[in-house]
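Here is the structure we will look at, set down as C-alpha cells.
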Amino acid sequence: MLARVPAVAGAFYPGNPLSLQRQIDDMLNSQPGTPLRPKALIVPHAGYIYSGPIAASAYRLLQTYADRIRRVVLLGPSHQVAFRGLAAPEEDLFQPPLGDITVDRSSIHQLQSQGLIAVRSDAHQWEHSLEVQLPFLQSVLGEFLLLPLVVGDANPQLVADTLRASWGGEETLVVVSSDLSHYHSYSEARQIDRHTSAMIESLNGTLNGEQACGCRAVNGLLAVAKEKQLAITTLDLRNSGDTAGDRDRVVGYGAYALC
Numbered sequence: 001m002l003a004r005v006p007a008v009a010g011a012f013y014p015g016n017p018l019s020l021q022r023q024i025d026d027m028l029n030s031q032p033g034t035p036l037r038p039k040a041l042i043v044p045h046a047g048y049i050y051s052g053p054i055a056a057s058a059y060r061l062l063q064t065y066a067d068r069i070r071r072v073v074l075l076g077p078s079h080q081v082a083f084r085g086l087a088a089p090e091e092d093l094f095q096p097p098l099g100d101i102t103v104d105r106s107s108i109h110q111l112q113s114q115g116l117i118a119v120r121s122d123a124h125q126w127e128h129s130l131e132v133q134l135p136f137l138q139s140v141l142g143e144f145l146l147l148p149l150v151v152g153d154a155n156p157q158l159v160a161d162t163l164r165a166s167w168g169g170e171e172t173l174v175v176v177s178s179d180l181s182h183y184h185s186y187s188e189a190r191q192i193d194r195h196t197s198a199m200i201e202s203l204n205g206t207l208n209g210e211q212a213c214g215c216r217a218v219n220g221l222l223a224v225a226k227e228k229q230l231a232i233t234t235l236d237l238r239n240s241g242d243t244a245g246d247r248d249r250v251v252g253y254g255a256y257a258l259c
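Under this note's numbering, the residue at position 175 of the sequence shown is numbered 175, and the numbers go up by one with no gaps.
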C-alpha cells in the first residue's frame, strides 16, 4: 500500500506528535466557540507560528458536530509542480505525525472516470497546502476519509464541477486551503486583504493570484456556494506581521466559514 509521507513536518509544524498535538490544542482552545456549523471552510496554509491561529478559528467550529463528519474534501494550490487541472494522489494513505489517514479511493475513481481530475503523485509529494491542514483535521475529527486534490492551472468551472460531484451530505466537509496577499508592506496588505475578504463575503468568485494563491479553488467553491445559497462568515483576517513576522513584507491570512 502506497503512503504519502510528510514533506514539511519539522518545518511548517512540529514533527514530534506530542509537541504537535500540544500546539494544536493550545491554538484551538484559545478560540471562542460559536454556533456556526460550516459545510465548507477556507483556511490558510503557512507555518503554524504564522497562520496556525487563524486556521484554528475555523477548525474550532467543527468540534460541536465532529461526530457527523466522516469525509473531508480538501483542495489546495500547487506550489511545486506546474500542471493543468486537479490532481489526486496515487497513494492510499497519508501519514502525518498524528497517524494514518485513509484516502477516499472510491471518490477518486469516480471523479477520474468523469474526466474531472487526474492522478499524479508528483503534485502531492512536496505540497504543503494540503499537508498542514491534516493535523488540525485529525485533532478535531478523529478518523475520516480524505479526498485530497491539488489544484493546478484549473478554471473555476472545473473546480466547481469537481466540488459538485464530491459535495456529499452532512458527512462531508469541504476545506479549501489558501493564503491571501504576498509580500506587501503591512499597511498595503491590510488594504488588499480587506478588499479580497469583502469579495469572498459577497461570493464574488473572480479573485486573482495576487489576492489569493488558492484563487482557483476559492473561486470554484464560491460558485458552488452561491448556487447552494450558503452564507459566508469571516472568522479572522490577519497577516504574518500580526503573528510572528516583521511588517516589511507580510503574507495575508483569512479564515472563513460557509454555512
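For each residue, glycine too, the CB sits at the ideal point set by N, CA and C. All values reported here derive from a predicted model rather than from experimental measurement.
Three-state class that DSSP yields for residue i in the structure shown
i, result
"residue 34", "coil"
"residue 26", "helix"
"residue 46", "coil"
"residue 102", "strand"
"residue 306", "It is not possible to answer for residue 306, since the shown part of the chain is limited to 1 through 259."
"residue 254", "strand"
"residue 61", "helix"
"residue 163", "helix"
Same chain only: Cβ atoms within 7 Å of residue i, ignoring 5 sequence neighbours per side
i, result
"residue 20", "13, 14, 97, 98 and 135"
"residue 2", "90, 91 and 92"
"residue 68", "170 and 171"
Distance, residue j Cα to residue i Cα
i, j, result
"residue 115", "residue 132", "28 Å"
"residue 192", "residue 206", "15 Å"
"residue 245", "residue 252", "11 Å"
"residue 110", "residue 257", "27 Å"
"residue 202", "residue 39", "17 Å"
"residue 188", "residue 208", "17 Å"
"residue 232", "residue 199", "11 Å"
"residue 16", "residue 10", "8 Å"
"residue 180", "residue 6", "24 Å"
"residue 117", "residue 163", "11 Å"
"residue 26", "residue 51", "14 Å"
"residue 177", "residue 149", "11 Å"
"residue 107", "residue 184", "39 Å"
Beta-carbon proximity list for residue i, same chain, < 6 Å, skipping 5 on both sides
i, result
"residue 81", "122 and 123"
"residue 120", "87"
"residue 236", "54, 57 and 255"
"residue 186", "241, 247 and 250"
"residue 182", "251"
"residue 243", "50"
"residue 60", "28 and 31"
Cβ distance (whole Å) where residue i is taken to contact residue j below 8 Å
i, j, result
"residue 146", "residue 94", "6 Å"
"residue 83", "residue 152", "4 Å"
Cut-off 8 Å between Cβ atoms - residues of its own chain near residue i, not counting five sequence neighbours on either side
i, result
"residue 63", "28, 33 and 140"
For the pair the region 217-232 and the region 146-158, tell me if three or more CB-CB distances fall below 8 Å. yes
On the three-pair Cβ rule with 8 Å, is the region 95-103 touching the region 35-55? no
Do the region 61-80 and the region 200-216 touch if we need at least three Cβ pairs shorter than 8 Å? yes
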